[in-house]
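This report refers to the structure that appears directly beneath it.
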Ligand SMILES: [Zn+2]
């Protein structure tokens, strides 16, 4: 089992997971870190960047998606990692 890593408080994690609930049918979130980048929608410094793995991916140790979510206004964005290194 992959453990979830983050620097968010339990309340923030709850908000984050609620915000990105649309995505979690397809991806497994590995980590989530709040950073000091302003949200493109509301400008608050409550943007979280997280890495996720597609549930359809063959290997469960490589991040395939990046999810950005704002804890303040609910802005969210998902993007596919372009570089998927294969060993
Ligand atoms: Zn926002």
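Numbering (my numbering), first residue to last: 9 to 95. Just so you know, even glycine gets a beta-carbon here, dropped at the ideal spot from N, CA and C.
Paired residues, beta bridge with residue i - DSSP
| i | result |
| --- | --- |
| residue 36 | 61 |
| residue 56 | 42 and 77 |
| residue 14 | 40 |
Residue i - DSSP class collapsed to helix/strand/coil
| i | result |
| --- | --- |
| residue 19 | helix |
| residue 86 | strand |
| residue 70 | coil |
Distance, residue j Cα to residue i Cα
| i | j | result |
| --- | --- | --- |
| residue 23 | residue 79 | 6 angstroms |
| residue 37 | residue 68 | 11 angstroms |
| residue 52 | residue 87 | 21 angstroms |
| residue 57 | residue 49 | 15 angstroms |
| residue 74 | residue 54 | 16 angstroms |
| residue 17 | residue 41 | 10 angstroms |
beta-carbon residue i near ligand 2 non-hydrogen atom, thresh 8 angstroms
| i | result |
| --- | --- |
| residue 52 | Questions concerning ligand 2 fall outside what the structure shown contains, since the ligands it does hold are ligand 1. |
### Query
Quick one, what's near ligand 1 if you take every residue whose CB is closer than 6 angstroms to any heavy atom, in chain order?
47, 49, 50, 52, 78, 80, 81 and 83
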